[in-house]
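Contents: one structure, followed by commentary.
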Amino acid sequence: MEEGTTAAPDRIQRTAYGELSAEEIRQGLSQRQGKPSVPWPVEEPAHRVGPASQRAHRPFHIMAKPSGPGCNMDCSYCFYTPKEEFYPGAKKWRMNDEVLESYIRQYIEAQPMDEVHFAWQGGEPTLMGLDFFKKAFAFQKKYADGKTIHNAFQTNGLLLDEEWVQCFAEEGVLVGLSIDGPVECHDRYRLDRGGHGTAYRVLRALKLLQDYKAEFNTLTCVHAGNADRPLEVYRFLRDIGSQYLQFIPIVERPEDSLAREDAGGSGVPPEGNPEVYDWSVTPEAYGNFYCKIFDHWVRRDVGRVFVQLFDVALEAWLGYPPSLCVYAPTCGNALALEHNGDIYACDHYVYPGYRRGNLQETPLSELVTSDVQQGFGASKAADLPQYCQRCEVRFACNGGCPKYRFTHTPDGEYGLNYLCPGYKKFFRHVDPYMRFMADEIRASRSPANVMQFARMGGARPKSGQEQNAQPPKPNDPCSCGSGRKYKKCCGARNR
Ligand code: SF4
Ligand code: SF4
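Residues 34 to 528 (my numbering) are what the sequence shown spells out, left to right.
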């Protein structure tokens, strides 16, 4: 499994602000109909079901790994297959029916919402065989108790055949297909166990998904093999028919200090060697990758291609809660389930020090709401360096995922995100466009007007309604959603 594909509830996206009326958009991106990008809605539920004692007080998300770290590929950058060492003695890792049923029952019961989102990953979950998932869907129906069940399934695509895809289409499963761009980018690191490239097999799987009209999105790792080719990667994904694009950074270190016994519980890796493997993306290349794609997208593709980070940025500029844990002030509501029922703090934190217990020994709701897990989530904000606290794009970035906070700030404080320069570049770069889109949404106009704005080099169109758009007054709340006055926020920067 590639870095970061499972940690976040962010990983399976569906966004549609371009498909909604401006009024619907104004009412909230996070309350969209259809497949939301937010596995847990941010609003309090109107209707709660299930015994109160078994419910968590707020929605949470679990990334289930029924095949553990087992995978039929051998991607150079995979951060998950090395987890084999935490389960020594096994040659294969398989979730048994007892754990599966217990998980599904508890997960549904513990959710305070009427909609329940399951996410299956690995390793490679197709290694479990289709019958396992048919059983899972049957258990879901058995325990649904009136709740609506959704499934998202992240796969490398190698084992997908007509039977799998037909079943997914029938069950309404949203499939996330891992593909790193054009063939040479994909095959740089995504190799099978025999060392062969896998791109054509993935494209075959994609064709099957399209033929059966199964819902899918693509997940693309950004690494040393494709970071300098943003437009090629973007156009390729768009042209093969992906409408929903997720990009995640590959950042892996030879010294994984989180695995140390003294790793602590806060999430920030203990100080150690900050070197990264040479397949990791550099912060600068990461920022540049997104900026280049954004510049292309914002002139041509708004409303027809959806890039997860762009949606998340727009949420931030609108002042909505982030739907992606990485950019949220706190986290801790996205845990990981291993094949044997072990629950971990997060998919990024499958380490002995972050094991919360086993759902066959302790109720899942207790593990999720435990003080140690809540403390882990809160520390995302509490451990933010001063440098971040003063940062003008903190409202959108929030310091990123703690896993990558292993560098020093310019004034020497430890705990700055390795990707900081990239984040800063991107969020600053999109600021005028995000402000424009946020203003359009608030004025019940289409955010897709931003394409004209962008083509005009960032000048407001001089037509009809747009002419009436007034610049914000100094004491108005800033449209970026920071909660500050315009004159003390973006207005200060724009002078
Ligand atoms: S540690 Fe927090 S921010 Fe990072 S992936 Fe996990 S839940 Fe998301
Ligand atoms: S851009 Fe950098 S300084 Fe600003 S909040 Fe993000 S990580 Fe911190």
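Quick reminder that beta carbons are idealized off the backbone N, C-alpha and C, glycines included.
### Message
So, with DSSP's three-state summary, where would you put G67?
### Response
By 1-based counting over the sequence shown, the position of residue 67 is 34. The pLDDT assigned to G67 is 26, lower than 50, so where the model puts this residue is not dependable, and the model offers no usable value.
### Message
Measuring only the C-alpha atoms, how far is L347 from G432?
### Response
On the sequence shown, residue 347 is found 314 positions in, with the first residue counted as 1. On the sequence shown, residue 432 is found 399 positions in, with the first residue counted as 1. Cα-Cα distance, rounded: 17 Å.
### Message
Can you tell me whether C108 is helix, strand or coil according to DSSP?
### Response
Working through the sequence shown from its first residue, we reach residue 108 at position 75. DSSP places C108 outside both helix and strand once states are collapsed to three, so it counts as coil.
### Task
Return yes when at least one heavy atom of ligand 2 lies under 7 Å from the C-beta of C434, else no.
In the sequence shown, residue 434 corresponds to position 401, counting from 1. Placement of the Cβ of C434 at a distance of 7 Å or more from every heavy atom of ligand 2 is found.
#### Entry: E446 - containing alpha helix (DSSP H), residue span
One-based indexing of the sequence shown puts residue 446 at position 413. Note, E446: premise wrong, no alpha helix (DSSP H); not H, not E.
### Query
Is the Cβ-Cβ distance between L264 and R234 less than 8 Å?
Locating residue 264 in the sequence shown gives position 231, where the first residue counts as 1. Locating residue 234 in the sequence shown gives position 201, where the first residue counts as 1. Not closer than 8 Å, so no.
### Task
Select from V206, Q199, A171, W197 the residue whose C-alpha is nearest the C-alpha of N184.
Here residue 184 refers to the residue found at position 151 when the sequence shown is read from its first residue. It is V206.
### Task
Kindly examine ligand 2 and report whether one of its heavy atoms sits closer than 7 Å to the Cβ of L449.
For this step, residue 449 is matched to residue 416 along the sequence shown. Result yes, Cβ under 7 Å from ligand 2.
### Message
Does the distance between the C-beta of K325 and the nearest non-hydrogen atom of ligand 1 fall short of 7 Å?
### Response
As a first step, residue 325 is located in the sequence shown; it is residue number 292 there, counting from the start. No heavy atom of ligand 1 is found nearer than 7 Å to the CB of K325.
### Task
Hey, could you find the ends of the alpha helix (DSSP H) Y420 is sitting in?
Residue numbering aside, residue 420 sits at position 387 when the sequence shown is read from its first letter. From DSSP, the alpha helix (DSSP H) with Y420 extends over 419–422.
### Query
Pairing CB atoms from the segment 400–418 with CB atoms from the segment 370–388, are three or more of them under 8 Å?
In short, these stretches touch, since the Cβ pair count reaches three.
### Message
From the DSSP secondary-structure annotation, give me the bridge partner or partners of L252.
### Response
For the purposes of this step, residue 252 is taken as residue 219 along the sequence shown, with counting starting at 1. Per DSSP, S211, Q279.
### Task
Please determine if the segment 434–442 and the segment 302–309 are in contact, where contact requires at least 3 C-beta pairs separated by less than 8 Å.
Result yes; three or more Cβ-Cβ pairs closer than 8 Å.
### Message
L241 and Q211 - do their beta-carbons sit closer together than 8 Å?
### Response
Residue 211 sits at position 178 when you count from the first residue of the sequence shown. Residue 241 sits at position 208 when you count from the first residue of the sequence shown. Note on identity: in this sequence residue 211 is Ser, with Gln being the wrong assignment. No. Outside cutoff.
### Query
Measuring CB to CB, does I182 end up less than 8 Å from A369?
As a working note, residue 182 is residue 149 in the sequence shown. As a working note, residue 369 is residue 336 in the sequence shown. The Cβ atoms of I182 and A369 lie no closer than 8 Å to each other.
### Query
Does the Cβ-Cβ distance between F167 and C200 come in under 8 Å?
For the purposes of this step, residue 167 is taken as residue 134 along the sequence shown, with counting starting at 1. For the purposes of this step, residue 200 is taken as residue 167 along the sequence shown, with counting starting at 1. In the sequence under discussion, the amino acid at residue 167 is Lys, which differs from the Phe named in the question. The answer is yes: Cβ separation under 8 Å.
### Query
Under the criterion of a Cβ to heavy atom distance below 7 Å, does R488 qualify as lining ligand 2?
Position 455 of the sequence shown, counting from 1, holds the residue named residue 488. R488 has its Cβ no nearer than 7 Å to any heavy atom of ligand 2.
### Query
Among C424, C324, Y382, which one has its Cα closest to the Cα of M467?
As a working note, residue 467 is residue 434 in the sequence shown. The shortest C-alpha separation from M467 is found at C324.
### Query
Can you tell me whether DSSP reads V206 as helix, strand or coil?
Here residue 206 corresponds to residue number 173 of the sequence shown, with the count starting at 1. In this structure, DSSP gives V206 a state outside helix and strand, which the three-state scheme calls coil.
### Query
Can I376 and L400 be called in contact, C-beta distance under 8 Å?
Here residue 376 refers to the residue found at position 343 of the sequence shown. Here residue 400 refers to the residue found at position 367 of the sequence shown. It is a contact, given that the beta carbons lie within the stated cut-off.
### Residues near K521 in its chain [Cβ-Cβ closer than 6 Å; skip 5 each side]
In the sequence shown, the residue the question calls residue 521 occupies position 488. By the criterion of a C-beta distance shorter than 6 Å, K521 is surrounded by no residue of its chain, once the five residues flanking it on both sides are discounted.
### Whole-angstrom distance between R127 and C218, CA atom to CA atom
Taking the first residue of the sequence shown as 1, we reach residue 218 at position 185. Taking the first residue of the sequence shown as 1, we reach residue 127 at position 94. About 32 Å.
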